[in-house]
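Student: In this note's numbering, the protein residues as written are 1003 to 1248. Note that CB positions come from ideal geometry on N, CA and C, so glycine has one too.
Structure, rendered in structure tokens:
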């Protein structure tokens, strides 16, 4: 698994190459707090420090991780099922994608414990059951809030664990937190705020609010530059320069 430092250098490299910041002979190295995350030593001997922050809504991140672990738990349970139940289940749902939405209040441990009931319920459904499954009056009613089975030309059983979540725009709050920190370095500092996995509002929504925030920053800001970088499109969405505020 990639370390935090390796990931930060990879993100910075992507940003620097996309913005023509790197040239032959430049060196990028990780630093530890209270220094900024990355130090860029350029071929002419000059140095620039960069603090990195990922634009990521923590609620969205936690939910995504919960979905992935629950999906994995379903496959683990299926592989551990006793015969003949395992063979019956695989045969019954060989062409099925099973969409399960658990109750939000259930912890991962409680979800794991409920899988026996959920799988038993699925085994009791009619052959070739498809579409939304009614849960009213069933033993799993207090465990899952939605169950849908879709069948097509696929190799199943597949499990789709989803839940709706409100994804916020944490950009301004994250930048503000970085502005409040103290860094120890002899070199000019820039802030690189990057988007990697967080779903974002349309540009005309979140960038308008960001523009207002950046315009209100003063020339005593500790960051010489602030960059908002989208890793997927390799584009700098916004850049702010302290010197332009004088």
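Give me the Cα-Cα distance between residue 1099 and residue 1111, rounded to the nearest whole angstrom.
Tutor: 23 Å
Student: Can you give me the C-alpha to C-alpha distance between residue 1148 and residue 1142, rounded to a whole angstrom?
Tutor: Pairing residue 1148 with residue 1142, the inter-Cα distance amounts to about 10 Å.
Student: Using a 10 Å radius around the Cβ and a threshold of 16 neighbouring Cβ atoms, would you call residue 1196 buried or exposed?
Tutor: buried
Student: Alpha carbon to alpha carbon, how far is residue 1156 from residue 1131? Give it in angstroms, no decimals.
Tutor: Put simply, the backbone Cα of residue 1131 is about 16 Å away from that of residue 1156.
Student: Can you check DSSP and say which residues form a bridge with residue 1242?
Tutor: 1228
Student: Where do the N-terminal and C-terminal ends of the alpha helix (DSSP H) with residue 1117 fall, by residue?
Tutor: 1110–1126
Student: Does the beta-carbon distance from residue 1118 to residue 1079 come in below 9 Å?
Tutor: yes
Student: Buried or exposed, going by whether 16 or more other CB atoms sit within 10 Å of the CB of residue 1005?
Tutor: exposed
Student: Name the residue from 1146, 1215, 1236 and 1235 whose alpha carbon lies nearest to the alpha carbon of residue 1228.
Tutor: Closest option to residue 1228, Cα to Cα, is 1215.
Student: I'd like the span of the beta strand (DSSP E) that includes residue 1147, first residue to last.
Tutor: Element bounds for residue 1147: 1146–1153.
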